[in-house]
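A.B. asks: Sending over a structure as structure tokens; questions will come in a sec.
2 protein chains.
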Amino acid sequence: MPPSPVSVRAISRHAVRAELARVAFNEFCATGFNQVTFADLAGATGVSRSTFLRYFTNKEDVVLFLFDPIGDTIIEALASDARSDDDWHALRRALNPVVDFLMRDTSEVMAFLDLIYETPALSARFREKQFDWRPNIVRQLQRTHAAPDASIVTQVRVAAAMECFAAALAVWRESEGREDLSTLIDTSFSALDPTIAIQTS
Amino acid sequence: MPPSPVSVRAISRHAVRAELARVAFNEFCATGFNQVTFADLAGATGVSRSTFLRYFTNKEDVVLFLFDPIGDTIIEALASDARSDDDWHALRRALNPVVDFLMRDTSEVMAFLDLIYETPALSARFREKQFDWRPNIVRQLQRTHAAPDASIVTQVRVAAAMECFAAALAVWRESEGREDLSTLIDTSFSALDPTIAIQTS
DNA sequence: GTCAATAGTGACACTGAGTATCAGTTTAGC
DNA sequence: GCTAAACTGATACTCAGTGTCACTATTGAC
Numbered sequence: 029m030p031p032s033p034v035s036v037r038a039i040s041r042h043a044v045r046a047e048l049a050r051v052a053f054n055e056f057c058a059t060g061f062n063q064v065t066f067a068d069l070a071g072a073t074g075v076s077r078s079t080f081l082r083y084f085t086n087k088e089d090v091v092l093f094l095f096d097p098i099g100d101t102i103i104e105a106l107a108s109d110a111r112s113d114d115d116w117h118a119l120r121r122a123l124n125p126v127v128d129f130l131m132r133d134t135s136e137v138m139a140f141l142d143l144i145y146e147t148p149a150l151s152a153r154f155r156e157k158q159f160d161w162r163p164n165i166v167r168q169l170q171r172t173h174a175a176p177d178a179s180i181v182t183q184v185r186v187a188a189a190m191e192c193f194a195a196a197l198a199v200w201r202e203s204e205g206r207e208d209l210s211t212l213i214d215t216s217f218s219a220l221d222p223t224i225a226i227q228t229s
Numbered sequence: 029m030p031p032s033p034v035s036v037r038a039i040s041r042h043a044v045r046a047e048l049a050r051v052a053f054n055e056f057c058a059t060g061f062n063q064v065t066f067a068d069l070a071g072a073t074g075v076s077r078s079t080f081l082r083y084f085t086n087k088e089d090v091v092l093f094l095f096d097p098i099g100d101t102i103i104e105a106l107a108s109d110a111r112s113d114d115d116w117h118a119l120r121r122a123l124n125p126v127v128d129f130l131m132r133d134t135s136e137v138m139a140f141l142d143l144i145y146e147t148p149a150l151s152a153r154f155r156e157k158q159f160d161w162r163p164n165i166v167r168q169l170q171r172t173h174a175a176p177d178a179s180i181v182t183q184v185r186v187a188a189a190m191e192c193f194a195a196a197l198a199v200w201r202e203s204e205g206r207e208d209l210s211t212l213i214d215t216s217f218s219a220l221d222p223t224i225a226i227q228t229s
């Protein structure tokens, strides 16, 4: 009995989740991620610990679920990519909508990245999240773009592309947003671009 | 008062650690990593829970510390690498001693990889371990091999190289050791090699 | 061989994340 | 308004990981 594709309950759930996360984020920034317990968060949000826990799969998710859409964004970008050149450039292009997504509210994203990079538990989970995107990206890339010889080649290229993104993001946040994220991603990608020959000293 | 570089106590500690890990590994394989508690391990090894815990930084470390030497192995390989061509091929060569290390006891390593890959918590920590090797590798590479333009380029190349290794290792274990690990690493590396131009369709 | 410093041990208590259950309440949709 | 479903808070629980403390064993120096 799924009454409608987007039920009223789902909307409510989303909104509550966002509000809980908002309050929690302030607590984390003020006191430190590890110092704040779920009991603290329950108190700060006026909801019971049980209820708070039901809205998130784990403590890191309270911060990181903001970045959940990125995985699907990449998939969609690859799916709607008309050009059919090599997969490496397709992967680069697929990151453009991600950059757009992050640039919608630079200061908010930067605040999140600050908290993430200064909290080992959060950075570790953030990397895990990015890792979890990979299989779907590999599948999509094999479907829409000339799948190369072996599966391992595609897997490695996707992994490398995601690492390029991660490295660019890290430098971007270190520069406090002064450097251009797109340019940084370009630099990362060209450091590995298998379609251009770099002269060996 | 450090009496000698390698004290008797350090040797004992190492040996005890190895023995505890050996027994624990059997328990993990028999019952499943998540199902076995530290209390169980204490019982199986005949040592108290407190003592067992003192030998490892966390539960995953009981399994994964076997792979600790790999980080240093890579560093040493880079340091003693005479050739000074591009950093990408230097990184590839630095993995040869790692392959040697893994091939010393193929069946043991394979048993470990089986447990790791079937246990999400272990694979996640395994990736974290590999991630932790990166900064030192970057530093060593910048010292000994023609450091390229920007720091981000080296960082990306090291990250990509480690992902090549990880991908090759995963395929190797899936093949149950039938495929050649060195060849798989070669394939991975050439999928990204920035020194050879691949034709674009 | 004795002895003092140091390290290892087991017992215990504790925090905090995450899971599970359950009775009571709210809400959606007919 | 009614019913089935979802949401809530309370409670109890498991287990990883930390910290402390008294006790024992070992080491290295004398």
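Chains as they are written, first to last, in my numbering: chain F, 29 to 229; chain R, 29 to 229.
Here a beta-carbon is modelled for each residue, glycine too, at the ideal position from N, C-alpha and C.
On the CB-based measure, 16 or more other CB atoms within 10 Å of its CB, does Glu88(R) come out buried or exposed?
C.D. replies: When all chains shown are included, Glu88(R) counts as buried.
A.B. asks: For chain R, is any of its Cβ atoms less than 7 Å away from the one on Phe186(F)?
C.D. replies: As written in the sequence, residue 186(F) is Val, which differs from the Phe given in the question. Closer than 7 Å: no.
A.B. asks: Is there at least one Cβ from chain R nearer than 7 Å to Val44(F)'s Cβ?
C.D. replies: Chain R contact via Cβ: absent.
A.B. asks: By the criterion of Cβ-Cβ separation under 8 Å, what are the contact partners of Ile180(R) in chain F?
C.D. replies: Per Cβ cutoff of 8 Å: Ala195, Ala196, Val199, Leu212, Thr215, Ser216, Ala219.
A.B. asks: Strictly below 8 Å CB to CB, what residues from chain R border Glu191(F)?
C.D. replies: What Glu191(F) touches in chain R: Val184, Ala187, Ala188, Glu191.
A.B. asks: Give the DSSP-derived three-state secondary structure of Gly205(F) in the structure shown.
C.D. replies: Coil.
A.B. asks: Taking the straight line between their C-alpha atoms, what separation do you get for Phe217(F) and Tyr83(R)?
C.D. replies: In a straight line, the C-alpha of Phe217(F) is about 42 Å away from that of Tyr83(R).
A.B. asks: Under 7 Å, Cβ to Cβ, is there at least one residue of chain F near Ser40(R)?
C.D. replies: Closer than 7 Å: no.
A.B. asks: Note down, in chain order, all residues in the segment 145-166 of chain F with a beta-carbon under 8 Å from any beta-carbon belonging to chain R.
C.D. replies: Listed by position, the residues of the segment 145-166 of chain F near chain R (Cβ gap below 8 Å) are Ala152, Arg155, Glu156, Phe159.
A.B. asks: What residues in its chain sit with their C-beta under 8 Å from that of Tyr145(R), if we drop five residues either side in the sequence?
C.D. replies: For Tyr145(R), where only same-chain residues beyond five positions count, the Cβ hits under 8 Å are Ser151, Ala198, Arg201.
A.B. asks: Report the option in Ala46(F), Val127(F), Thr79(F) whose CA atom is closest to the CA atom of Ala194(F).
C.D. replies: Out of Ala46(F), Val127(F), Thr79(F), Val127(F) has the C-alpha closest to the C-alpha of Ala194(F).
A.B. asks: Nearest by alpha-carbon distance to Leu123(F): which of Ile102(F), Leu212(F), Thr147(F) is it?
C.D. replies: Among Ile102(F), Leu212(F), Thr147(F), the Cα nearest to that of Leu123(F) belongs to Ile102(F).
A.B. asks: Skipping 5 residues on each side, what residues in its chain have a beta carbon closer than 6 Å to that of Leu220(F)?
C.D. replies: Only Ala188 meet the Cβ criterion.
A.B. asks: Considering only the beta carbon of each residue, do Leu7(R) and Phe154(R) sit closer than 7 Å?
C.D. replies: Since the displayed chain R opens at 29 and closes at 229, residue 7(R) lies outside it and no answer follows.
A.B. asks: Following the continuous alpha helix (DSSP H) through His42(F), name the residue where it begins and the one where it ends.
C.D. replies: Element bounds for His42(F): 36-59.
A.B. asks: Among Ala72(R), Val34(R), Val36(R), which residue has its Cα nearest to the Cα of Ala52(R)?
C.D. replies: Here the closest residue by C-alpha is Ala72(R).
A.B. asks: Classify Pro222(R) as buried or exposed, calling it buried when 16 or more other Cβ atoms lie within 10 Å of its own Cβ.
C.D. replies: Buried.
A.B. asks: Give the straight-line distance between the Cα atoms of Ala105(F) and Gln183(F), rounded to the nearest whole angstrom.
C.D. replies: Each residue's alpha carbon lies about 18 Å from the other.
A.B. asks: Which residue's Cα is closest to the Cα of Ala149(R): Phe61(R), Asp115(R), Phe129(R), Asp109(R)?
C.D. replies: Among Phe61(R), Asp115(R), Phe129(R), Asp109(R), the Cα nearest to that of Ala149(R) belongs to Phe61(R).
A.B. asks: Report buried or exposed for His173(R), applying the criterion of at least 16 other Cβ atoms within 10 angstroms of its Cβ.
C.D. replies: Burial call: buried.
A.B. asks: Beta-carbon of Pro97(F) versus every beta-carbon of chain R: anything under 7 Å?
C.D. replies: By this cut-off, Pro97(F) is not an interface position.
A.B. asks: Whole angstroms are fine: how far does the CA of Gly74(F) sit from the CA of Gln158(R)?
C.D. replies: Answer to the nearest angstrom: the Cα atoms are 41 Å apart.
A.B. asks: Can a CB atom of chain F be found closer than 7 Å to the CB of Pro125(R)?
C.D. replies: Chain F, which has no Cβ nearer than 7 Å to the Cβ of Pro125(R), makes this no.
A.B. asks: Whole angstroms are fine: how far does the CA of Arg120(F) sit from the CA of Ile165(F)?
C.D. replies: Each residue's Cα considered, the two are about 12 Å apart.
A.B. asks: Cβ atoms of Met131(R) and Gly205(R): under 7 Å apart, would you say?
C.D. replies: Not closer than 7 Å, so no.
A.B. asks: Can you list, in chain order, the stretches of the alpha helix (DSSP H) that have 4 or more residues and sit fully within the segment 137-220 of chain R?
C.D. replies: The qualifying runs are 148-172, 179-202, 209-218.
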